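Visitor: Mind looking over this structure? Questions follow.
There are 2 protein chains.
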Amino acid sequence: MVNTDDSHPEGEAAPGTDGDRRSQLVNAAVDYVAAHGFADLSLRGLGAAIGVSHRMLIHYFGSKEQLLVEIVRTSEQRQRDLLSRLRLEPGLSPADAARLLWQQLTDPRLAGQERLFFEICGHALRGRPEAAPVLEGLVNDWLEPLMAAEVAAGADPAVARNRARLGLATVRGLLLDLLATGDRAGVDAAMEEFLRLYYGSK
Amino acid sequence: MVNTDDSHPEGEAAPGTDGDRRSQLVNAAVDYVAAHGFADLSLRGLGAAIGVSHRMLIHYFGSKEQLLVEIVRTSEQRQRDLLSRLRLEPGLSPADAARLLWQQLTDPRLAGQERLFFEICGHALRGRPEAAPVLEGLVNDWLEPLMAAEVAAGADPAVARNRARLGLATVRGLLLDLLATGDRAGVDAAMEEFLRLYYGSK
DNA sequence: TAGGGCATGTACCAATTGGTACACTCGCGA
DNA sequence: TCGCGAGTGTACCAATTGGTACATGCCCTA
Chain Z
21 MVNTDDSHPE GEAAPGTDGD RRSQLVNAAV DYVAAHGFAD LSLRGLGAAI GVSHRMLIHY
81 FGSKEQLLVE IVRTSEQRQR DLLSRLRLEP GLSPADAARL LWQQLTDPRL AGQERLFFEI
141 CGHALRGRPE AAPVLEGLVN DWLEPLMAAE VAAGADPAVA RNRARLGLAT VRGLLLDLLA
201 TGDRAGVDAA MEEFLRLYYG SK
Chain F
21 MVNTDDSHPE GEAAPGTDGD RRSQLVNAAV DYVAAHGFAD LSLRGLGAAI GVSHRMLIHY
81 FGSKEQLLVE IVRTSEQRQR DLLSRLRLEP GLSPADAARL LWQQLTDPRL AGQERLFFEI
141 CGHALRGRPE AAPVLEGLVN DWLEPLMAAE VAAGADPAVA RNRARLGLAT VRGLLLDLLA
201 TGDRAGVDAA MEEFLRLYYG SK
């Protein structure tokens with residue numbers, strides 16, 4: 021009764037190889053959303069920006085909802101890639117490693133992506149179904165590697181979890197501060213203060 | 021040419037006394053928005069929920085935009101009231117004062133308001149004009165009193181600003197964690213860890 | 001009691017939105 | 001060469017939206 025046309029590819033699109041058009045579109049969509057916002061996205065606006073008709077977006081993703089799901093998922097994936105890509109060379113002190121990570125995280129070129137993160141968080145907290153999945157991994161997915169780092173750095177396993185959770189929260193809080201105020205120096209100083217407390221050095 | 025009807029009150033509505041209907045409406049609106057979200061608010065939905073026709077909302081606020089501005093402002097005001105209302109009795113150690121503040125801040129009854137805060141942040145970061153004003157006070161308005169508390173507690177004025185900024189960011193980060201995961205115990209433990217580092221006690 | 005102004009409701013409008021129907025093109029296998 | 005199916009565009013639809021026009025009721029004052 022529906023879909024006399026459009027036998028959507030629906031192909032799971034082997035994540036590595038690009039579902040060709042589909043993956044290309046979702047990547048362009050994430051770029052667009054990172055730049056223009058997630059809340060008031062319209063298929064027509066997006067389509068015009070990335071050079072397809074809104075018809076094609078429906079064709080490839082079935083519905084706006086599904087497209088948003090993929091945008092959120094891809095955005096999360098990018099966030100994760102970000103962490104995994106900065107393979108901090110060993111030999112660095114934990115404090116210096118954290119400093120490096122903070123430095124890369126606050127690269128102005130990532131501002132759009134960070135803003136998108138907070139924007140999606142807001143929608144997820146509100147229960148928007150396409151954004152809700154991020155709540156699952158919002159903390160837990162990051163806690164594991166951070167805990168491992170804590171333990172590796174010699175922290176008591178009993179407190180490593182708390183320390184990891186604290187560090188994650190602080191980074192996010194300061195990131196929000198930075199995005200809101202743009203006061204890089206002030207936020208960096210606060211981060212230095214945190215590192216001093218956290219790693220006890222200085 | 022416009023407004024043959026509707027000589028909007030526009031009265032500044034002496035904040036204390038309620039602009040009568042207008043203030044009453046905006047308060048109901050904030051409650052509704054705290055419960056149902058800010059992003060996809062429609063005048064009709066809101067009106068139906070609080071018992072007026074969407075026509076009246078336009079009548080009292082001129083436009084949806086202006087209503088949103090007032091909602092944001094009132095929401096901010098509530099946030100501020102929250103802080104000023106908890107006049108922490110003197111004699112408490114700074115750590116205990118902070119603990120008390122955290123306890124009150126994470127009261128489940130405030131969850132809606134907190135969620136609204138993060139939601140509005142997301143929109144403000146994206147440049148939505150009705151939410152943008154919050155960016156101004158997002159950090160600075162809180163820094164002043166926190167710095168004063170730091171100095172009063174004997175902190176070096178040179179680092180008080182950094183410590184205040186750090187504390188604010190950490191609280192917000194952990195609040196986001198709590199809202200996302202609901203893991204009260206875990207977040208509380210992380211906060212305890214922070215207080216230990218921050219105030220050096222224990 | 002008459003009248004004027006505020007508050008409110010009903011009906012409506014134009015714009016935008018997600019989604020659909022159908023027509024067209026192009027490349028490839030028989 | 002024929003035809004078929006995937007990819008794409010154009011035109012359209014129904015729903016929802018913010019906002020407006022107009023009519024009505026209510027209260028207060030003259």
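Read top to bottom, the protein sequences are chains Z and F. Per my numbering, the very first residue in the first sequence carries number 21; after that it's consecutive. Per my numbering, the very first residue in the second sequence carries number 21; after that it's consecutive. Glycine residues also receive a C-beta, built at the ideal position from the N, C-alpha and C atoms. In this text the structure is predicted, and so the values were computed from the model without any measurement.
(1) Cα separation between F:Q124 and Z:N160?
(2) When the cut-off is 7 Å and only beta carbons count, does F:E170 lie next to chain Z?
(3) Can you list, in chain order, the residues of the stretch 120-154 of chain F whose Cβ is nearer than 7 Å to any Cβ on chain Z?
(4) Quick one: residues in its chain with C-beta nearer than 7 Å to the C-beta of Z:L217, no 5 flanking neighbours on either side, listed in chain order?
(5) Answer yes or no: does any C-beta atom of chain Z fall closer than 7 Å to that of F:G193?
(6) Helix or strand or just coil, what does DSSP make of F:V50?
(7) Using the Cβ count rule (16 or more neighbours within 10 Å means buried), how would you classify Z:D60?
(8) Whole-angstrom Cβ separation of F:D91 and F:A144, contact assumed at under 8 Å?
(9) DSSP three-state label for Z:S83, please.
(10) Does Z:E213 have its Cβ less than 7 Å from a Cβ in chain F?
(11) Helix, strand or coil for F:G206 per DSSP?
(12) Give a yes or no on whether the minimum CB-CB distance between Z:R185 and chain F is below 7 Å.
(13) Exposed or buried, which one is Z:G36 when buried takes at least 16 other CB atoms within 10 Å?
(14) Could you tell me which chain Z residues have their CB closer than 7 Å to the CB of F:Y52, listed as they occur along the chain?
(15) With 7 Å as the threshold, decide whether the Cβ of F:L199 is near any Cβ in chain Z.
(16) Go through the stretch 148-177 of chain F residue by residue and report every complete run of the alpha helix (DSSP H) that reaches 4 residues or more, in order.
(17) Based on Cα-Cα distance, which residue from Z:A210, Z:R42, Z:L199 and Z:E213 lies nearest to Z:R129?
(18) Return the residue from the list F:G193, F:S104 and F:H79 that minimises the CA-CA distance to F:E134.
(19) How many Å lie between F:D176 and Z:V179 at the Cα?
(20) Which residues, in chain order, does the stretch 52-76 of chain F contribute to contact with chain Z at a C-beta distance below 7 Å?
(21) Considering Cα atoms alone, identify which of Z:A205, Z:V207, Z:N182 and Z:T190 is closest to F:A210.
(22) With 16 other CB atoms within 10 Å as the buried threshold, where does F:A34 fall?
(23) Any beta carbon from chain F within less than 7 Å of Z:L217's own beta carbon?
(24) The alpha helix (DSSP H) spanning Z:R119 covers which residue range?
(25) For F:F58 and F:E139, what's the separation of their Cα atoms in angstroms?
(26) In the DSSP assignment, find the alpha helix (DSSP H) that holds Z:G57 and state where it starts and stops.
(27) The alpha helix (DSSP H) that contains Z:R135, what's its start and end?
(28) If you drop the 5 nearest sequence neighbours on each side, which residues of the same chain put their C-beta closer than 8 Å to that of F:M76?
(29) Return the chain-ordered list of same chain residues with a C-beta closer than 8 Å to the C-beta of F:P165, the five sequence neighbours on each side being excluded.
(30) Out of Z:I78, Z:A189, Z:N47 and Z:M167, state which residue places its alpha-carbon closest to the alpha-carbon of Z:P114.
(31) Are F:E150 and Z:L186 closer than 7 Å when you measure CB to CB?
(32) If the cut is a Cβ gap below 9 Å, which residues of chain F does Z:L158 touch?
(33) Find the residues of chain Z that neighbour F:G206, judging by a C-beta separation of less than 7 Å, and give them in chain order.
(34) Please tell me whether F:A209 has its Cβ less than 7 Å away from any Cβ of chain Z.
Guide: Here's the rundown:
(1) 25 Å
(2) no
(3) R135, F138, E139, C141, G142, H143, L145 and R146
(4) none
(5) yes
(6) helix
(7) exposed
(8) The sequence given here places Ile at residue 91 of chain F; Asp does not occur at that position. Not really, about 13 Å apart at Cβ, beyond 8 Å.
(9) coil
(10) yes
(11) helix
(12) yes
(13) Reliability of the predicted coordinates at Z:G36 is poor, the pLDDT of 37 falling under 50, and the value obtained from them is presented with this limitation in mind. Burial call: exposed.
(14) Those within 7 Å of F:Y52 in chain Z number zero; the least Cβ separation is about 13 Å.
(15) yes
(16) 153-172
(17) Z:L199
(18) F:G193
(19) 29 Å
(20) G57 and A59
(21) Z:N182
(22) Any reading at F:A34 must be qualified, since the residue scores a pLDDT of 37, below 50, and its modelled position is unreliable; the value itself is stated next. Exposed, because fewer than 16 other Cβ atoms sit within 10 Å of the Cβ of F:A34.
(23) yes
(24) P114 to L125
(25) 7 Å
(26) Neither: Z:G57 is in no alpha helix (DSSP H) and is coded neither H nor E.
(27) A131 to L145
(28) L45 and G67
(29) L103
(30) Z:M167
(31) no
(32) L196, D197, A200 and T201
(33) R185
(34) yes
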